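To start, the structure itself, in structure tokens.
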Amino acid sequence: MKTRILFFLFLAVSLTNAKNPYEHFGYDNSEIEAKMEVLRQNKFMIVNEDSTSDISALLFDFNLTKVSIVDKNGNIEERQIPEEMQLRWNSIDPLTSNRPYNSPYSSMGGNPIFYIDPDGRDYFKNNNNEINWFDNDSKGFSDTEAGSTWENIGKEYLSFDGEILKYNFQTGNSEGNYKDNSINFNCVSGKGKPDGTNWDDVVLQQITKFDYSIENQKKRNEGPIPEGLYSINKNKIQKIGEQSKLKQFLNEFGLGSFPGGISSWGINRWWINAESDTETFGRGGFSLHGGAIWGSRGCIDLCKNLGDFTKMFLDINQNQSKTYLKVNYDNNVIRINRQGSVWQEFQK
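Just add 62 to the spot in the sequence shown (first one is 1) and you have my numbering.
Shown next as structure tokens:
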């Protein structure tokens, strides 16, 4: 019994001293304790560690939606928390009741800090092969309102509309200042056909028509690359100059892996790979290349722009080998001067 009495006396003394742990050094805080006695029921307090400030502490009363400001002399001033801010203090996440067994952030693998970086930005494609640039660098996320699932495809992608190959790429660093950039290059796809009219009657240069209709997309060895989602392995560039001299000689006679040589392919190329849900109508062998004149069977032809595109595409290193290519034609027909040294478009 004596042991129990001594224990409770020791506990009472400890609790009393806990109010002023510096009492044995001669510090007397009884005046402040008396003024703060009415605040014992408050649930949250922030102590200001800046000794030069006039404010020593903030005490929040969630039930009364008030904040008490305590100055360094122990004086207390109460302020009402504005109504529009009150829910930030005393309301729980409304999704909590729907998922009591799990975090409401389970859509991010239960770890929103690891999978979502509010300072990062990347390109994403959804289940409809739409591509957007989001303030996000997660592996993917779901848009429940739109019913879409978005997949991260990196910091660059290409798009082609029948006249323009657009290179989209992100710049910025870990400190922010992220920016979505794009550079355009004129190009075409498909063989193209003379439309029967001349753009220069002196040398009888005919206007060439490129038909991007669905019917023409189905035509082998003639039509353009079909609409859909593709990808290019950036690291697997093929260069004519890396072949042996004999193979380069044979190219000029329509032989070898670059039949027709530089005039047909330019100095390099990349193979274009169709993604699994892209309808190619049984066609294949698509590539991105250059050449002397506009037009190529099923390929995307940059003609004279190949050199500038290649330098920029390789110089901007986004540390990703796979670059997506979205093909979507804005117009069914374009009419141009076929000479690859210029881009001259005529009325459709």
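Yeah, the Cβ is synthetic: ideal placement off N, Cα and C, and Gly gets one too. All of these numbers come straight from a predicted model, not from anything done at the bench.
Give me the Cα-Cα distance between residue i and residue j, rounded to the nearest whole angstrom.
i      : j      : result
PRO256 : LYS271 : 6 Å
LEU420 : GLN267 : There is simply no residue 420 to check, as the chain begins at 63 and stops at 410 in what is shown.
GLN382 : LYS228 : 18 Å
GLN401 : GLY254 : 12 Å
MET107 : VAL132 : 10 Å
THR385 : SER338 : 15 Å
VAL129 : PHE122 : 4 Å
GLY216 : TYR185 : 6 Å
SER326 : GLU289 : 23 Å
ASP363 : LEU220 : 14 Å
LEU120 : ILE138 : 10 Å
ILE245 : MET374 : 9 Å
ASN283 : GLY360 : 7 Å
GLU114 : ILE193 : It should be noted that the sequence gives Thr, not Glu, for residue 114. If you take the alpha carbons of THR114 and ILE193, they lie about 53 Å apart.
VAL404 : PHE348 : 24 Å
GLU341 : ASN214 : 22 Å
LYS388 : PRO144 : 49 Å
ASP350 : LYS307 : Per the sequence shown, residue 350 should be read as Leu rather than Asp. If I take the Cα positions, the gap works out to 23 Å.
PHE320 : ASN243 : 33 Å
ILE355 : PHE408 : 17 Å
GLY328 : GLU314 : 12 Å
LYS309 : LYS366 : 23 Å
TYR274 : GLY346 : 17 Å
ILE378 : GLY316 : 34 Å
LEU291 : ILE269 : 30 Å
THR127 : GLU140 : 10 Å
GLN305 : THR372 : 18 Å
Using a 10 Å radius around the Cβ and a threshold of 16 neighbouring Cβ atoms, would you call residue i buried or exposed?
i      : result
ASP370 : exposed
VAL250 : buried
GLU277 : exposed
ASP112 : exposed
THR233 : exposed
GLN142 : exposed
GLY323 : buried
ASP116 : exposed
THR259 : exposed
GLU218 : buried
SER293 : buried
LYS241 : exposed
SER358 : buried
ASN135 : exposed
LYS64  : Model confidence at LYS64 stands at a pLDDT of 46, short of 50, so the residue's coordinates are unreliable; what they give is reported in the following sentence. With fewer than 16 other Cβ atoms within 10 Å, it is exposed.
LEU71  : Low confidence applies here, because LEU71 scores a pLDDT of 45, under 50, leaving its location unreliable and the question unanswered by this model.
Write down the C-beta distance between residue i and residue j rounded to the nearest angstrom, noting that I regard them as a contact closer than 8 Å.
i      : j      : result
LEU368 : GLY352 : 3 Å
GLY252 : PRO286 : 4 Å
ASN188 : THR211 : 6 Å
PHE343 : LYS296 : No, PHE343 and LYS296 are not in contact; Cβ-Cβ is about 27 Å, not under 8 Å.
ILE396 : GLN406 : In fact, because the Cβ distance is near 11 Å, the residues do not count as touching under 8 Å.
GLN380 : PHE231 : 6 Å
SER118 : ASN125 : Rounded, the Cβ-Cβ distance is 23 Å, inconsistent with contact.
Touching or not, the segment 386–400 and the segment 296–308, by the rule of three or more beta carbon pairs under 8 Å? Three or more Cβ pairs closer than 8 Å define a contact, and the segment 386–400 falls short of that threshold against the segment 296–308.
If you pair each beta-carbon of the segment 331–341 with each one of the segment 208–226, do three or more pairs fall below 8 Å? They do not touch, by the three-pair rule.
Entirely within the segment 280–318 and at least 4 residues each: give me those alpha helix (DSSP H) ranges in chain order. 307–313, all fully within the segment 280–318.
Unbroken alpha helix (DSSP H) runs of length 4 or more, entirely within the segment 327–398: which are they? Look at the segment 327–398 and you find these whole runs of alpha helix (DSSP H), each 4 residues long or longer: 368–377.
At 3 residues or longer, and completely inside the segment 226–255: list those beta strand (DSSP E) runs for me, N to C. Segments of the beta strand (DSSP E) lying fully in the segment 226–255: 226–235, 238–248 and 250–252.
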